[in-house]
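Below is one structure; the comments refer to it alone.
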Amino acid sequence: MSDVDGLDDLLARAAERPRALARPELAALLAMDDEAGIQSLFDAAYALKVKYCGKRVAMRGIVEAGNVCAKDCYYCGIRKSNENLQRYQLSADEIVRLAELDAKQDYASLVIQSGEIESEAHTRFIEDVLRRIAPLDLGVTLSLGEQTEETYRRWKEAGAARYLLRIETSNPKLYATLHPAGHSWERRVECLRALRRCGYQVGTGVMCGLPGQTYDDLARDIEFFAEMDVDMIGMGPYIPHPDTPLGVLSAKCLVPSAWCLVPSAEQEKVLSAKCLVPSAELKHEDLSESNAPSTTAPSTKHQALTLGLKMIAVTRLHLHDVNIAAATALQALAPDGRERGIHAGANVIMPNITDTKYRRSYQLYAGKPCLDENAGLCKGCLERRLAAIGETVDYGHRGDSLHFSKRTRGSASLPEPRMRGSASLPEGGAE
Ligand code: SAH
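Numbering follows the working numbering, with no gaps: position 28 of the sequence shown is 29.
Here it is, written out as structure tokens:
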């Protein structure tokens, strides 16, 4: 028996039409604990994925173009204040070469991601790269952080089609605990609106299992995706990084639930203070049993992975036709984490095609996989892994968001062709 009353009815109602569930229902699905219930949730979400996207997975080679970052997010390994890594920036030639490799792999789609730099020189640099790779006819996604609307517009005109900017959490108070002063949740929302005005396929997402985050926050995150009417979602488990303030708190002090209770003004002090509780004296289990409410950050890899998968599944159930990526962070928690993401309702995978010599310097979180595997190995390994779960790689197709095609159909700004090849994907929405 499931711990959610009337689970089968709830799942059937969610599958019937998008946005059918109320927030407490979304939260109840996310909080579900029994294995049979969770499996039913994954099965229902996967059925919707197959209905809308087929048994195919869109690939986007990801280029980690540089780790220089103006931001100082408490959780992120490439934050400005982390001195334990070598900073790098790929040249335009290097990025173009990787884009050519991506085209040769027939992924037809590319992501360029980096730390956040706001300058005219950087804007021009990216414009130049985009113009040079335009003849490859790839669906290009940028993930370069907060920028002015003018910059977004210039990059769009230079050839970018999609932009991914995670809101990280839809709860502004929680956001404030994860970022120093000057990092504005409101600006991030405004950036998402600006991207939409510029005509991008817009993607956002969150980390799940953040210290202090509740199931209600996560349910609210899914409602936020719906309200913003986004086309793509990239989200994954929060994984502590030892060279970050939040990583130190999560890994050493094991007081994740306490973090959200620290008033913003006090956070810097707390961050620079020594660990409050030596890890040897406090086990995570003790914490989750006693201090922490059941709705706070999961304490084991397995719990973190399951929560990440549940988030994908509930998002698919609520939104139906958006693109959802199975984040690499899932693979950091289990070797088959991304395939499990596909089986829970995701339809996009972003294999890393950055040269291995740079990968160690782009560790957003600890335990990032494939640090030593080149793009060719990643490709073969992914193909085999997907075949094992009955899915094939959607080579040669850009894998544009079906939601985007639907919302722009008939409007002044027509969507780009859904694919470059001749075969057609199932149009679940038309069924
Ligand atoms: N600077 C760009 C993109 C680089 S960071 C931007 O701001 O969009 C890409 C994503 O990595 C972030 O949005 C965040 O959600 C994720 N990330 C950072 N640190 C992480 C951690 N410790 N665990 C899991 N995901 C993390």
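Yeah, the Cβ is synthetic: ideal placement off N, Cα and C, and Gly gets one too.
Measuring straight from C-alpha to C-alpha, what distance separates residue i and residue j?
| i | j | result |
| --- | --- | --- |
| K284 | N375 | In this prediction, K284 scores a pLDDT of 34, lower than 50, which makes its location untrustworthy; no coordinate-derived value is stated. |
| D1 | L403 | Residue coverage of the chain in this structure runs from 2 to 432, which leaves residue 1 outside it and unanswerable. |
| N68 | Y359 | 9 Å |
| C379 | A333 | 14 Å |
| I79 | Y366 | 9 Å |
| D44 | I343 | 11 Å |
| P181 | E147 | 16 Å |
| A29 | G210 | 16 Å |
| Y164 | V203 | 5 Å |
| P212 | D34 | 19 Å |
| M351 | V141 | 12 Å |
| C371 | S185 | 33 Å |
| R385 | V394 | 10 Å |
| Y239 | H303 | 13 Å |
| I134 | R197 | 23 Å |
| P336 | L247 | 25 Å |
| S115 | L145 | 5 Å |
| A389 | R341 | 11 Å |
Excluding the 5 residues flanking residue i on each side, which residues of the same chain have their C-beta closer than 8 Å to its C-beta?
| i | result |
| --- | --- |
| R20 | A227, H319, L320 |
| L31 | Y216, L219, A220, L308, K311, M312, V315 |
| R155 | T124, E128 |
| I354 | G62, I63, V64, L99, L102, D103, Q106, A376, C379 |
| N152 | It should be noted that the sequence gives Thr, not Asn, for residue 152. Correct list, in chain order: E119, T124. |
| R408 | D230, D232 |
| R24 | D217, A220, R221, E224 |
| G422 | Since pLDDT at G422 reaches only 38, below the 50 mark, its modelled position is unreliable, and the value read off the structure follows with that caveat. Excluding positions up to five away in sequence, the list reads G397, H398. |
| H242 | Y76, C77, G78, G248, Q364, L365, Y366, A367 |
| C382 | E374 |
Considering only heavy atoms of the ligand SAH, does any lie closer than 7 Å to the CB of residue i?
| i | result |
| --- | --- |
| G309 | no |
| I127 | no |
| Y153 | no |
| Q114 | yes |
| H242 | yes |
| L372 | no |
| C70 | yes |
| E117 | yes |
| A330 | yes |
| C379 | no |
| Y239 | yes |
| L145 | yes |
| K198 | The amino acid occupying residue 198 in the given sequence is Arg; Lys does not appear at that position. No, the beta carbon of R198 sits no closer than 7 Å to any heavy atom of the ligand SAH. |
| E340 | no |
| Y75 | no |
| R163 | no |
| L166 | yes |
| G368 | no |
| G78 | yes |
| L365 | yes |
Tell me, which residues are paired with residue i by DSSP?
| i | result |
| --- | --- |
| M233 | G204, N324 |
| R57 | T393 |
| I63 | V112, N353 |
| C209 | P238 |
| V141 | L111 |
| L179 | Note: L179 sits in no beta bridge, so no partner. |
| E17 | DSSP output for E17 lists no bridge partner at all. |
| R408 | Per DSSP, none; premise fails for R408. |
| E169 | V207 |
| Y164 | L143, V203 |
Please go through the same chain and pick out, in chain order, the residues whose beta-carbon is closer than 7 Å to the beta-carbon of residue i, but skip the five residues on each side of it.
| i | result |
| --- | --- |
| R317 | A46, L49, K50, I325, G346 |
| D287 | The predicted model places D287 with a pLDDT of 33, which falls under 50 and marks its position as unreliable, so this point remains unresolved. |
| E169 | Y176, L179, V207, M208 |
| Q87 | S362 |
| G391 | K56 |
| L137 | A100, E101, A104 |
| G338 | L306, L331, Q332 |
| D4 | M33, D34, D35, G38 |
| E26 | L11 |
| A71 | K81, E117, I118, E119 |
| A159 | E128, L131, R132 |
Give me, in chain order, the residues of the same chain whose beta-carbon lies closer than 6 Å to that of residue i; leave out the 5 immediate sequence neighbours on both sides.
| i | result |
| --- | --- |
| D222 | S171, V207 |
| A15 | A21, L22, L318 |
| C54 | N348 |
| D373 | T357 |
| A93 | D129, V130 |
| N83 | D244 |
| S265 | Here S265 scores only 44 on pLDDT, less than 50, and its place in the model is too uncertain to base an answer on. |
| S291 | At S291, the pLDDT of 32 sits below 50, so the modelled position is not reliable and the matter cannot be decided from this model. |
| T199 | For the record, residue 199 in the displayed sequence is Cys; it is not Thr. So the qualifying residues of the chain are Y153, R154, K157. |
Output yes if chain B places a C-beta closer than 8 Å to the C-beta of residue i; else output no.
| i | result |
| --- | --- |
| T149 | Protein chain content of the structure displayed is limited to a single chain, and chain B is not contained in it. |
Complete runs of the beta strand (DSSP E) confined to the segment 72-125 [at least 3 residues]: Within the segment 72-125, complete beta strand (DSSP E) segments of at least 3 residues are found at 110-115, given in chain order.
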